[in-house]
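A.B. asks: Residue numbers (the numbering used here): 55 to 337. Quick reminder that beta carbons are idealized off the backbone N, C-alpha and C, glycines included.
#1: In three-state DSSP terms, what is residue 198?
#2: On the CB-based measure, 16 or more other CB atoms within 10 Å of its CB, does residue 155 come out buried or exposed?
#3: On the three-pair Cβ rule with 8 Å, is the region 135 to 147 touching the region 183 to 199?
#4: Using a Cβ-Cβ cut-off of 8 Å (strictly less than) and excluding sequence neighbours within five positions of residue 225, which residues of its own chain qualify?
#5: Look up residue 118 in the DSSP assignment and say whether it is helix, strand or coil.
#6: Taking 7 Å as the limit between beta carbons, can you name the residues of its chain near residue 314, skipping five residues before and five after?
#7: Tell me whether residue 136 sits in a helix, a strand or coil according to DSSP, three-state version.
#8: Tell me the start and end of each unbroken alpha helix (DSSP H) in the region 218 to 258 that is at least 4 residues and wholly inside, in chain order.
#9: Kindly indicate the opening and closing residues of the alpha helix (DSSP H) around residue 93.
#10: Grab me the residues of residue 320's own chain with a C-beta within less than 8 Å of its C-beta, minus the 5 sequence neighbours each way, in chain order.
#11: Leaving aside the five residues before and after residue 121 along the sequence, list all residues of the same chain whose C-beta is less than 7 Å from its C-beta, in chain order.
#12: Pop quiz: residue 103 and residue 68 are said to be a contact at Cβ under 8 Å. What is the actual Cβ separation, rounded to whole angstroms?
#13: Quick one: residues in its chain with C-beta nearer than 6 Å to the C-beta of residue 168, no 5 flanking neighbours on either side, listed in chain order?
#14: Drop a sphere of 10 angstroms on the beta-carbon of residue 89, count the other beta-carbons inside from all chains shown, and report buried for 16 or more, exposed for fewer.
#15: Helix or strand or just coil, what does DSSP make of residue 110?
#16: For residue 211, does the count of other Cβ atoms within 10 angstroms reach 16, so buried, or fall short, so exposed?
#17: State yes or no: is the C-beta of residue 311 within less than 9 Å of the C-beta of residue 292?
#18: Report buried or exposed for residue 267, applying the criterion of at least 16 other Cβ atoms within 10 angstroms of its Cβ.
#19: Could you say which of 137, 329, 214 and 133 lies nearest to residue 300 if we only look at CA atoms?
#20: For the beta strand (DSSP E) containing residue 166, list its first residue and its last residue.
#21: Pull up the distance between the alpha-carbon of residue 199 and that of residue 231, whole angstroms please.
#22: Indicate the three-state DSSP secondary structure (helix, strand or coil) for residue 128 in the structure shown.
#23: Taking the straight line between their C-alpha atoms, what separation do you get for residue 96 and residue 107?
#24: If distances are taken between C-alpha atoms only, which option among 74, 87, 66 and 64 comes closest to residue 58?
#25: At which residues does the beta strand (DSSP E) containing residue 63 begin and terminate?
#26: If distances are taken between C-alpha atoms only, which option among 136, 180, 201 and 124 comes closest to residue 161?
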């Protein structure tokens with residue numbers, strides 16, 4: 055039998071920077087096959103007589119500013135699979151399928167991870183969280199893009215972590231916005247940490263001659279085993295401020311001026327030191 059019947063073509067997977075204005079359209083398809091095979095078509099409800107065509111699988115030709123088309127031959131195998139017949143048994147009246155797509159405004163925004171992390175005892179993150187890509191381009195109406203400052207990943211919870219993390223996490227998507235990426239890769243280096251102690255001289259370079267008691271402080275800090283040997287006492291800088299000198303007290307608070315970014319300070323002892331002012335003899 056040879057029959058010509060209408061069939062709905064549903065266009066999907068539109069490029070992120072374009073919006074489809076005629077995603078569903080009917081075409082006429084001619085089927086030359088046995089009556090038994092035709093029953094596959096006639097037994098389907100009208101709402102299911104539809105074939106999906108992905109724009110990621112067809113070569114698009116731009117015919118005008120907003121009109122694109124592709125050869126109908128790319129639909130032949132889809133239709134044949136849909137009806138469980140051979141592609142040679144399918145033909146069309148049209149040579150090409152035309153679609154209309156309009157350009158959207160674009161905006162590049164930063165991606166922020168939405169991760170709830172807890173680490174096993176003595177383990178912690180080493181370095182920064184790596185996000186790839188760290189920003190995505192989104193497309194949509196200008197008024198909608200004006201309301202978006204950041205993009206967040208879907209929420210994920212990881213407990214008792216003791217090894218490196220390398221996972222793909224979907225983005226929180228807005229139906230009114232298209233995305234050039236719909237997920238990002240998150241990498242977190244996790245290492246075992248240990249406690250260490252640094253005995254640090256107090257910086258005392260002031261006009262007035264001060265003698266401090268003690269003249270050193272003990273800094274306890276957490277550091278990864280990888281960085282343990284590269285941290286030295288002189289990696290830390292502590293100081294006092296002569297503006298804190300008062301006739302009502304002989305003690306000065308300690309200020310931590312600088313410390314390695316790959317450490318976490320747990321305590322400084324003492325938090326203040328006693329001082330005396332040494333008077334210089336005038337000549």
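C.D. replies: For this structure:
#1: Within the chain shown, residue 198 is the residue found at index 144, counting from 1. If DSSP states are grouped into helix, strand and coil, residue 198 belongs with the helices.
#2: Taking the first residue of the chain shown as 1, we reach residue 155 at position 101. So residue 155 counts as buried.
#3: no
#4: Position 171 of the chain shown, counting from 1, holds the residue named residue 225. Only 165, 190, 205, 206, 207, 208, 233, 235, 236, 237 and 238 meet the Cβ criterion.
#5: Working through the chain shown from its first residue, we reach residue 118 at position 64. Correct three-state label for residue 118: coil.
#6: By 1-based counting over the chain shown, the position of residue 314 is 260. 285 and 289.
#7: By one-based count along the chain shown, residue 136 stands at place 82. Correct three-state label for residue 136: helix.
#8: none
#9: Numbered from 1 along the chain shown, position 39 holds the residue referred to as residue 93. 89 to 96 is the extent of the alpha helix (DSSP H) around residue 93.
#10: Your numbering for residue 320 matches position 266 in the chain shown. Cβ within range, chain order: 249, 274, 275 and 276.
#11: Counting from 1 along the chain shown, the entry for residue 121 is found at position 67. Within the same chain, residue 121 has close Cβ partners 152 and 154.
#12: Reading the chain shown from its first residue, position 49 is the one you call residue 103. Reading the chain shown from its first residue, position 14 is the one you call residue 68. Their Cβ separation, rounded to whole angstroms, is 22 Å, which puts residue 103 and residue 68 out of contact at 8 Å.
#13: Here the question's residue 168 lines up with position 114 in the chain shown. Hits under 6 Å: 206, 207 and 209.
#14: Position 35 of the chain shown, counted from the start, is the residue given in the question as residue 89. When all chains shown are included, residue 89 counts as exposed.
#15: Residue 110 sits at position 56 when you count from the first residue of the chain shown. The answer is coil: DSSP assigns residue 110 none of H, G, I, E or B.
#16: For the purposes of this step, residue 211 is identified with residue 157 of the chain shown, where counting begins at 1. Exposed: under 16 other Cβ atoms inside 10 Å.
#17: Counting from one through the chain shown, the residue named residue 311 turns up at place 257. Counting from one through the chain shown, the residue named residue 292 turns up at place 238. Cβ atoms of residue 311 and residue 292: closer than 9 Å.
#18: Within the chain shown, numbered from 1, the residue matching residue 267 stands at position 213. With fewer than 16 other Cβ atoms within 10 Å, it is exposed.
#19: In the chain shown, the residue the question calls residue 300 occupies position 246. Selected option, being the one with the closest Cα: 329.
#20: One-based indexing of the chain shown puts residue 166 at position 112. 159 to 166 is the span of the beta strand (DSSP E), which, as asked, contains residue 166.
#21: If you number the chain shown from 1, residue 199 lands on position 145. If you number the chain shown from 1, residue 231 lands on position 177. Their backbone Cα atoms lie some 8 Å apart in a straight line.
#22: The residue given as residue 128 occupies position 74 in the chain shown. The answer is helix: DSSP assigns residue 128 an H, G or I state.
#23: The sequence position of residue 96 within the chain shown is 42, counting from 1. The sequence position of residue 107 within the chain shown is 53, counting from 1. Cα to Cα, the separation comes out at about 21 Å.
#24: Translated into positions along the chain shown, residue 58 becomes position 4. Measuring from the Cα of residue 58, the nearest candidate turns out to be 87.
#25: Along the chain shown, one-based indexing puts residue 63 at 9. Run containing residue 63: 56 to 66, per the beta strand (DSSP E) assignment.
#26: Along the chain shown, read from residue 1 onward, the residue named residue 161 stands at position 107. Nearest of 136, 180, 201 and 124 to residue 161, Cα basis: 201.
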